[in-house]
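Have a look at the structure below before the remarks.
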Amino acid sequence: MILEDHTVIISVSFQSPGMLVPEAFEHTPGIQTASLGTYLKTNLFLFLSALGFYLFLRLLSIDLLWSVPIAKKWCANPNWIHIDTTPFAGLVRNRGVLSGLGFAINSEMFLMSCRGGKSYTLSFRLLCALTSLTTLQLYHFLQIPTHEEHLFYVLSFCKSASIPLTVVALIPYCVRMLLKQRRKKIQ
Numbered sequence: 004m005i006l007e008d009h010t011v012i013i014s015v016s017f018q019s020p021g022m023l024v025p026e027a028f029e030h031t032p033g034i035q036t037a038s039l040g041t042y043l044k045t046n047l048f049l050f051l052s053a054l055g056f057y058l059f060l061r062l063l064s065i066d067l068l069w070s071v072p073i074a075k076k077w078c079a080n081p082n083w084i085h086i087d088t089t090p091f092a093g094l095v096r097n098r099g100v101l102s103g104l105g106f107a108i109n110s111e112m113f114l115m116s117c118r119g120g121k122s123y124t125l126s127f128r129l130l131c132a133l134t135s136l137t138t139l140q141l142y143h144f145l146q147i148p149t150h151e152e153h154l155f156y157v158l159s160f161c162k163s164a165s166i167p168l169t170v171v172a173l174i175p176y177c178v179r180m181l182l183k184q185r186r187k188k189i190q
C-alpha cells in the first residue's frame, strides 16, 4: 500500500520474531513438561557458567564493563547511563524470567487453568490476552530504583520472575475462575 506521502507499507505474510518465540515453545514439549527442578538447575547452570566466564575474563584482565566508566566520563549527562543496560543486568533479567516460567508452569494455578478443554475457548483466550497486555503495561510503569546496585539487581530479578508467573499462571487462573463464576450465575 502507498500512502499520500509516498511511504510504502509492505504487508508481510510471516510472523514477527516476537510471535515466533511462543510458537516455537508450543512445539517444544520439554519446555512445558520440565519440572521445577529442571528449571532451577538450568538457571543455576546458566548463572554459574556466566559468572565463571566473567571471572575467567577478569583473570585475563579483560573487563566486560569497559565501556561504562568511559561513558560516565565522557557523556554530557552521566544520568543517561543506565545500570539496566549492563550485561549483568541482562543476565539477572533472563534468570528471573527463567525462574518465573519454571514456577509458573509447575504451579497448581497453571495446571488448573491451562490444562484441559476450557483453556481453548475463544472467550478464555481473549480475556487472558487482554488482561495480560494490561498487566504488562502496569509492569512497564513499575520503576526499579537504580541508586543502590545490589537492590537494583534483586528487584530486577523479582520483577522479571513475577512477569511470567503472572501472565502464565495467575491471569489464566483468575480468568478461569471468573468464567466459572459467570457460568454458575447463568445456570
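In this text, residue positions in the sequence shown follow the numbering used here: the first is 4, and each later residue adds one. The beta carbon of each residue, even a glycine, is placed where N, CA and C say it ideally should be. Source: prediction; values computed, not measured.
Among residues of its own chain, excluding the 5 on either side of residue i, which ones have a beta-carbon nearer than 6 Å to its beta-carbon?
{"i": "Y156", "result": "V95"}
For residue i, count neighbouring C-beta atoms within 10 Å of its own C-beta (all shown protein chains included) and say buried if the count is 16 or more, exposed if not.
{"i": "P148", "result": "exposed"}
{"i": "C131", "result": "buried"}
{"i": "S19", "result": "Bear in mind that the predicted position of S19 carries a pLDDT of just 47, short of 50, making it unreliable; the figure below should be weighed with that in mind. That one is exposed."}
{"i": "S165", "result": "buried"}
{"i": "S159", "result": "buried"}
{"i": "I189", "result": "exposed"}
Using 8 Å for Cβ pairs, my map puts residue i next to residue j. What's the rounded Cβ distance?
{"i": "T89", "j": "V71", "result": "7 Å"}
{"i": "T138", "j": "T169", "result": "6 Å"}
Tell me the rounded alpha-carbon separation between residue i and residue j.
{"i": "K162", "j": "Y142", "result": "8 Å"}
{"i": "S102", "j": "A92", "result": "15 Å"}
{"i": "L68", "j": "N46", "result": "23 Å"}
{"i": "L125", "j": "L182", "result": "12 Å"}
{"i": "E111", "j": "F48", "result": "26 Å"}
{"i": "R98", "j": "A107", "result": "14 Å"}
Less than 8 Å between C-beta atoms, sequence neighbours within five positions excluded: which residues of the same chain meet that for residue i?
{"i": "V178", "result": "S116, F127, L130, C131 and T134"}
{"i": "L145", "result": "K162"}
Could you pull out every residue in the same chain whose Cβ sits closer than 7 Å to the Cβ of residue i, ignoring the five residues on either side in sequence?
{"i": "I86", "result": "A92, T149, E152 and F155"}
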